[in-house]
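Quick note: to get my numbering, add 89 to the position in the sequence shown (first position is 1).
We put the beta carbon where it would ideally sit given N, CA and C, even for glycine.
The structure under discussion appears below in the form of structure tokens.
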Amino acid sequence: MPLFRKSEPARSLDTADPISRQCSELKAAKTRGELGMGIARIVLAHSPKEIQQMKRNFDTKVLDLPAEYRDRLSARITEHLLGTFQRIRLDDQQGILKTLHQPLSEDQKNYWDMVGRQCSGEGEADAPALRFLKYLLAGYCMLVLDEPGHPPGTPFPGGDEVEFTNGIYYCPVRDREGDVDAALCPWCPARQTPQIGYLRPATRPTERNKQELIDNCYRYHNFNG
């Protein structure tokens, strides 16, 4: 999915650049609540119209995908972007962020180094400011809320999707972080969706998953004792 770019080689951030400076400030946050308040301060300076522009940009990027899959994907991503924007507004207004005292790890803080590099140039369809807004929304989900960068219900080719089962998030491409949205995967709390194995069903099986399980049962299990 081309919502986020793949990671680029590390290089130092130019703190004279506004986005780089803001990334440095966010990296300095010590707790989830402190980070959430920093993200909210930046995000709420934007308007829902900019989310709609992000949707239009995304729709342009996925024009070549099959229509049914493209429409499902676009609708889910748009719902997630708008929903996260409104959730940040609500969490900020209700003072919820002041109650989040869990410390951030150094690995989590390093997310903002990656974001600064990804937003340092004009070489994409999105302007750097909109690109930064996307990463702010994703960072809020992953680092503040401990939720995946792609929400439950996000479809992937083949029929699999991000799932939330028994309190655990699962992503069908979590272990392929070098191929898909590599910029987000290292910070995403989702686990890899369990593979079909010996008498083990998928968490939310597609028709393909169900047939694989049937085939495995038939091939490997002796029902005649």
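Backbone secondary structure at residue i - three-state DSSP
i	result
P107	helix
F245	coil
Q281	strand
C112	helix
C260	strand
Whole-Å CB distance - residue i paired with residue j, under 8 angstroms assumed
i	j	result
F174	S163	Actually they are not in contact, since the Cβ atoms of F174 and S163 sit about 17 angstroms apart, beyond 8 angstroms.
I128	V204	Not really, about 11 angstroms apart at Cβ, beyond 8 angstroms.
Y324	E236	Outside the shown range of the chain, which is 90 to 314, sits residue 324, and nothing can be said about it.
L222	H169	13 angstroms between Cβ atoms; not a contact.
D249	P241	Their Cβ separation, rounded to whole angstroms, is 12 angstroms, which puts D249 and P241 out of contact at 8 angstroms.
C230	R220	Actually they are not in contact, since the Cβ atoms of C230 and R220 sit about 16 angstroms apart, beyond 8 angstroms.
L186	M126	5 angstroms
P137	L179	Incorrect: roughly 14 angstroms between the Cβ atoms, too far for contact.
R70	P246	A query on residue 70 cannot be resolved here, the shown segment of the chain reaching from 90 to 314 and no further.
V151	R159	5 angstroms
A279	R263	5 angstroms
Option nearest residue i by Cα separation, candidates the options
i	options	result
Q183	G122, G238, L226, Q207	G122
P192	G228, A118, I131	A118
R110	W201, P155, F245, I140	W201
Y224	A279, V132, T188, P107	V132
T120	D153, E195, Y158, I108	E195
D139	A216, A279, L273	Correcting the residue type first, residue 139 is Glu in the shown sequence and not Asp. Among A216, A279, L273, the Cα nearest to that of E139 is on A216.
P283	E252, L273, P275, C277	E252
L189	L273, L226, L124, R145	L124
L226	V151, C277, G256	C277
L115	G228, R280, G256, A279	G228
S113	R130, N199, R176	N199
I108	E157, H239, G210, I177	G210
C274	T254, A218, D153, Q197	Q197
I166	A156, N255, H239, G256	H239
I177	R130, Q141, N255	R130
N- and C-terminal bounds of the alpha helix (DSSP H) containing residue i
i	result
E123	121-132
E250	Counting along the chain, E250 falls outside any alpha helix (DSSP H), and DSSP gives it neither H nor E.
W201	200-207
P237	Unbroken run through P237: none, as it is neither H nor E.
Y224	217-228
**Ranges of the alpha helix (DSSP H) found wholly within the segment 150-183, counting only runs of at least 4** = DSSP runs (the alpha helix (DSSP H)) wholly in the segment 150-183: 156-183.
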